[in-house]
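Peer 1: Under numbering that gives the first Met the number 0, the letters of the sequence shown match residues 0 to 147, in that order.
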Amino acid sequence: MFELYLIILICPLLLICYLITNSLTSIYIQIKVIRNIKEIKRQLYLENDYILYISYLYMKRKKWLCCITMLEFYIDQIKINEIEMIGEFYNCIGLCYQAIEMYKIAKRYYLEACKRTPLQQHILKNLANIYNAVGDIKNANKIYQRIT
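1) What is the rounded straight-line gap between the Cα of ARG115 and the Cα of SER54?
2) Could you pull the start and end residues of the alpha helix (DSSP H) that THR68 belongs to?
3) Can you name the start and end residues of the alpha helix (DSSP H) that GLY93 belongs to?
4) Which same chain residues, not among the five before or five after PRO11, have their C-beta less than 8 Å away from its C-beta?
5) To the nearest angstrom, report how far apart ALA132 and LEU94 are at their CA atoms.
6) Is MET58 helix, strand or coil by DSSP?
7) Between the alpha carbons of ASP48 and ILE9, how many angstroms are there, rounded?
8) Less than 7 Å separating the beta-carbons of ILE122 and ILE92?
9) Grouping DSSP H, G and I as helix and E and B as strand, with all else coil, what is PRO117?
10) Just confirm the distance between the C-beta atoms of TYR57 and CYS65, as a whole number of angstroms; I'd bet it's less than 8 Å.
11) Check the C-beta distance from ASN90 over to TYR109 and give it rounded, since I have them as a contact under 8 Å.
12) Alpha carbon to alpha carbon, how far is LYS59 from ILE142? Give it in angstroms, no decimals.
13) Where do the ends of the alpha helix (DSSP H) carrying ILE136 lie?
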C-alpha cells in the first residue's frame, strides 16, 4: 500500500520535472543567443538565423509589434542574393498579423513571401489558411492543389 502511494506521488512529480527541464533548456538557448548578440552589439548586422530565432521568441511571447518592427528593419538590410530569407521574414510577419486577426494584411505579406519563395510548402499552406479565414474558398482550393 505504501509503495502504491509513493508511485502515485512520484508520477506527477516526474511530469513537473520534465516541464521544468524543457523551460530551463529554452531559457538556456535564449541566454546563449543574447550573449552572442551582445558580442556583436556594435554592429547593426545580425546573422539571419539569430533574427529568425528572436522573431520566433517574440511570437511565442505574443509580442507581435516587436516582431514585426524588427523583421521590417532587417528586411531592408538583407543582401539581394538571400531571397529565401526575405521570404521567411515576410512569412513571419504574416504569421504575426494572422495571430492578431488582421487577415488582409497577413495575406499581403504571405503573397510577398510566395513571390520570393514560391516553392515553400509552409508559406503556401499559410496563404491557403488565410484565404479560408477570409472566405475566399476558390483561391484556397487553388493553393491546396498546388501543395499536393
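Glycine included, each C-beta is placed from N, C-alpha and C at the ideal position.
Peer 2: Straight from the coordinates:
1) Taking the first residue of the sequence shown as 1, we reach residue 115 at position 116. Taking the first residue of the sequence shown as 1, we reach residue 54 at position 55. Near 19 Å, if we compare the C-alpha coordinates of SER54 and ARG115.
2) By 1-based counting over the sequence shown, the position of residue 68 is 69. Its alpha helix (DSSP H) spans residues 63-74.
3) As a working note, residue 93 is residue 94 in the sequence shown. Its alpha helix (DSSP H) spans residues 82-98.
4) Reading the sequence shown from its first residue, position 12 is the one you call residue 11. Answer for PRO11: no residue qualifies.
5) Here residue 132 corresponds to residue number 133 of the sequence shown, with the count starting at 1. Here residue 94 corresponds to residue number 95 of the sequence shown, with the count starting at 1. The alpha-carbon atoms of ALA132 and LEU94 are separated by roughly 13 Å.
6) Residue numbering aside, residue 58 sits at position 59 when the sequence shown is read from its first letter. In this structure, MET58 counts as helix in the three-state DSSP scheme.
7) Residue 48 sits at position 49 when you count from the first residue of the sequence shown. Residue 9 sits at position 10 when you count from the first residue of the sequence shown. For ASP48 and ILE9, the distance between alpha carbons rounds to 40 Å.
8) Counted from its first residue, the sequence shown places residue 122 at position 123. Counted from its first residue, the sequence shown places residue 92 at position 93. The Cβ-Cβ distance between ILE122 and ILE92 does not fall below 7 Å.
9) In the sequence shown, residue 117 corresponds to position 118, counting from 1. Correct three-state label for PRO117: coil.
10) Reading the sequence shown from its first residue, position 58 is the one you call residue 57. Reading the sequence shown from its first residue, position 66 is the one you call residue 65. Sure, about 5 Å apart at Cβ, within 8 Å.
11) Along the sequence shown, one-based indexing puts residue 90 at 91. Along the sequence shown, one-based indexing puts residue 109 at 110. Sure, about 7 Å apart at Cβ, within 8 Å.
12) Taking the sequence shown and counting its residues from 1, one reaches residue 142 at position 143. Taking the sequence shown and counting its residues from 1, one reaches residue 59 at position 60. Cα-Cα distance, rounded: 27 Å.
13) Mapped onto the sequence shown, residue 136 falls at position 137. Taken as a continuous stretch (DSSP letters only), the alpha helix (DSSP H) holding ILE136 covers 136-146.
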